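Numbered per the working numbering, the sequence shown spans residues 1453 to 1698.
In what follows, a single structure is set out as structure tokens and then discussed.
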Amino acid sequence: MRYLILSDIHGNWEALEAVLHQARDGYDAVLCCGDLVGYGADPNAVVDWARTHLDAIVRGNHDKACAGMEDLEWFNPVARAAARWTGRTLTPENLDYVRNLPRGPLDFDSFQILHGSPIDEDDYLVSTFAVSQLRNSLDRAVSFFGHTHMQGGFLLHRHGVRRIPKLRSDADQHALELDPGSWYLINPGSVGQPRDGDPRAAYVFYEPGARLVEYRRVAYDVEAAQKKILAAGLPPLLAERLETGN
Ligand code: ZN
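Here you go:
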């Protein structure tokens, strides 16, 4: 079994399309670690695709915000404006789908998927210290998470926690063989709004039987996504940041 694992698509259809094109024929099932919508100008295209193609998904904080389930006062003004626009723009069916997405973690045989952290879906896992406190909260030796929009993740072994770096900017794939004695929190990176300094859309393949995670990046039509964001009247910052990946 080979999984395509996506996270933080954020209504960016151009990025999702590029990922699906590059990944085509390479997987048996597709999973998502949350944030289908918010920020990007194509929430309906992304949710239409999700409803028919995703095998499993957990909700993200922006999914909750756009569906009116979150107090928007906690969001910065740009995210708030995007959440309100997305809530108004989603069709009733798509809004209903987003509102009913399950809370993570979601367990599979040998791994789990979640949005922020295993103990709080809205927490950001950025420091090795924070990750070192989570050992007893992990139900599986391999977990996939999102929320930070930074590809890579963490390896937990007997002597501590190590950061797994993102793909180098001159590479478009890297295979990581999982050590049976270690635990892993893997971040596929963000499809639709990378914030790790690499503007390319990010994702992973995962093959539990081979204990293999394959990190991937793919360039997409950033300009087309930017034009749609500006035409929709969304904050220009959301278009600008796609270019730098920050
Ligand atoms: Zn996100």
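Ideal Cβ placement from N, Cα and C applies to all residues, glycine included.
This structure is a prediction, so every number in the text was calculated from the model and none was measured.
From this set, 1684, 1559, 1513, 1508, which residue's C-alpha is nearest residue 1482's C-alpha? Of the listed residues, the one whose Cα sits closest to residue 1482 is 1508.
Taking the beta carbon of residue 1594 as the centre, do at least 16 other beta carbons fall within 10 Å, making it buried, or is it exposed? Buried, by the Cβ-count rule.
Mind checking which residues open and close the beta strand (DSSP E) that includes residue 1585? Taken as a continuous stretch (DSSP letters only), residue 1585 belongs to no beta strand (DSSP E), as it is neither H nor E.
For residue 1586 and residue 1601, what's the separation of their Cα atoms in angstroms? Inter-residue distance for residue 1586 and residue 1601 is about 20 Å (C-alpha atoms, whole angstroms).
What are the start and end residues of the beta strand (DSSP E) that includes residue 1639? Its beta strand (DSSP E) spans residues 1635-1639.
Using three-state DSSP, classify residue 1647 as helix, strand or coil. In the displayed model, residue 1647 falls within coil according to three-state DSSP, outside both helix and strand.
So residue 1458 and residue 1655 are supposed to be a Cβ contact under 8 Å. How far apart are they, rounded? Confirmed, about 5 Å.
Validate contact between the region 1611-1628 and the region 1536-1546 using beta carbons, cut 8 Å, 3 pairs: No contact exists between the region 1611-1628 and the region 1536-1546.
Do you know whose CA, among 1688, 1697, 1565, lies nearest residue 1531's CA? Closest by alpha carbon: 1688.
Would you call residue 1512 buried or exposed, if buried means 16 or more other Cβ atoms sit within 10 Å of its Cβ? Counting the other CB atoms within 10 Å of its CB gives residue 1512 a total of 16 or more, which places it among the buried residues.
Could you pull out every unbroken beta strand (DSSP E) segment of at least 3 residues lying fully inside the region 1508-1585, listed in chain order? Taking only runs of at least 3 residues, the beta strand (DSSP E) segments lying wholly in the region 1508-1585 are 1563-1565.
Where do the N-terminal and C-terminal ends of the beta strand (DSSP E) with residue 1505 fall, by residue? Membership of residue 1505 in any beta strand (DSSP E) is not indicated; the residue belongs instead to the alpha helix (DSSP H) covering 1495-1505.
Under 5 Å from any heavy atom of the ligand ZN, by CB: list those residues in chain order, please. Every residue whose Cβ sits closer than 5 Å to any heavy atom of the ligand ZN is listed here in chain order: 1460, 1487.
If you run the structure through DSSP and keep just helix, strand and coil, what is residue 1625? Looking at residue 1625 - three-state DSSP - the assignment turns out to be strand.
Per DSSP, what kind of secondary structure is residue 1476 in: helix, strand or coil? Coil at residue 1476, not helix or strand.
Residues of its chain near residue 1596, where Cβ-Cβ distance is below 6 Å and the 5 sequence neighbours each way are ignored: Excluding the 5 residues flanking it on each side, residue 1596 has same chain C-beta neighbours closer than 6 Å at 1457, 1485, 1565, 1638, in chain order.
Simplified DSSP assignment, three categories, for residue 1668: Of the three classes helix, strand and coil, the one that applies to residue 1668 here is strand, per DSSP.
Report the partner residues of residue 1484 according to the DSSP bridge assignment. The secondary-structure analysis by DSSP pairs residue 1484 across a beta bridge with 1458, 1509.
Range covered by the beta strand (DSSP E) that runs through residue 1607: 1604-1609 is the extent of the beta strand (DSSP E) around residue 1607.
For residue 1581, count the other beta carbons within 10 Å of its own beta carbon; 16 or more makes it buried, fewer makes it exposed. Which is it? In summary, residue 1581 is exposed, with fewer than 16 beta-carbon neighbours lying within 10 Å of its beta-carbon over all protein chains present.
Under the three-state reduction of DSSP, which class applies to residue 1612: helix, strand or coil? In the three-state scheme derived from DSSP, where H, G and I count as helix and E and B as strand, residue 1612 is classed as strand.
Is residue 1460 a contact residue of the ligand MN, with contact defined as CB to any heavy atom under 7 Å? The ligand MN is absent from the structure shown, which contains only the ligand ZN.
In this structure, what does DSSP give as the bridge partners for residue 1491? Its beta-bridge partners do not exist; DSSP assigns none.
Give me whichever residues DSSP pairs with residue 1656 in a beta bridge. Note: residue 1656 sits in a beta bridge opposite 1457, 1667.
Near residue 1707, what residues of its chain come up, given a Cβ to Cβ distance below 8 Å and the 5 sequence neighbours on each side ignored? Shown here, the chain extends from 1453 to 1698; a query on residue 1707 therefore has no answer.
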